[in-house]
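Enquirer: Before we start, here is the structure in question, set down as structure tokens.
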Amino acid sequence: CRDLPLCCDGAHSTVVKQKEYILLKPGENTDIACEQDGSDDWMYWYRQTHFQELQLILFSRLENMDIENGTSDGRFSGTRKVKKSFTLHISNVQKSDSVVYFCASSRHSALPKQSYYTKTANKSIDSYKVEQ
Numbered sequence: 001c002r003d004l005p006l007c008c009d010g011a012h013s014t015v016v017k018q019k020e021y022i023l024l025k026p027g028e029n030t031d032i033a034c035e036q037d038g039s040d041d042w043m044y045w046y047r048q049t050h051f052q053e054l055q056l057i058l059f060s061r062l063e064n065m066d067i068e069n070g071t072s073d074g075r076f077s078g079t080r081k082v083k084k085s086f087t088l089h090i091s092n093v094q095k096s097d098s099v100v101y102f103c104a105s106s107r108h109s110a111l112p113k114q115s116y117y118t119k120t121a122n123k124s125i126d127s128y129k130v131e132q
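So in full-length UniProt numbering, the last spot in the sequence shown is 132, and the numbers never skip.
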């Protein structure tokens, strides 16, 4: 795992850890775990296709609460049994899933409907490839 430092507001900063690389075949399922070393309530999963903006996949506020899906693709789901961990589940992987995935956390919501936001690092460290 590599550390992904997130931009902070004030003196607060959190490090998020996730796998660097996974190689899969079409039709397989995968879980991508993410852990934070802080106590942030909000956790997010994003994906980024080549040279495109980040797309929100999932987000969660606190453990054991409903996980909201930011995409209409039902193949993406998540699990957050403890506050520090948020696992992304992808079922029936497709070639189009060969993108960069980002996990992030924040003390406050980073969703556009809120009056505050949290920036995350733009460092691409994770890559998932589906073989043909």
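Heads up, the beta-carbon is just placed ideally off N, CA and C, and yes, glycines get one too.
All of these numbers come straight from a predicted model, not from anything done at the bench.
Using CA coordinates, which residue listed in Asn69, Lys95 and Gln94 is at the minimum distance from Arg88?
Expert: Sequence check: residue 88 is Leu here, not Arg. Of the listed residues, the one whose Cα sits closest to Leu88 is Asn69.
Enquirer: Applying the criterion that 16 or more other CB atoms from any shown protein chain within 10 Å of the CB defines a buried residue, is Ser96 buried or exposed?
Expert: exposed
Enquirer: Check whether the stretch 30-45 touches the stretch 80-87, taking contact to mean three or more Cβ pairs, one atom from each stretch, closer than 8 Å.
Expert: The stretch 30-45 vs the stretch 80-87: in contact.
Enquirer: Starting from the Cα of Leu62, find the closest Cα among Gly78, Thr71 and Leu56 and give me that residue.
Expert: Gly78
Enquirer: For Arg75 versus Ser60, is the C-beta distance shorter than 7 Å?
Expert: no
Enquirer: Between the Cα of Leu58 and those of Phe51, Ile67 and Gln52, spot the shortest distance and give me the residue it belongs to.
Expert: Ile67
Enquirer: Grab me the residues of Glu35's own chain with a C-beta within less than 6 Å of its C-beta, minus the 5 sequence neighbours each way, in chain order.
Expert: Lys17, Lys84 and Ser85
Enquirer: Using CA atoms only, rank isn't needed, just tell me which of Asn92, Gln94 and Met43 is closest to Asn64.
Expert: Met43
Enquirer: With DSSP collapsed to three states, give me the class of Lys17.
Expert: strand
Enquirer: CA-CA distance, Thr54 and Lys25?
Expert: Going by the sequence as given, residue 54 is Leu instead of Thr. So the two alpha carbons sit approximately 24 Å from each other.
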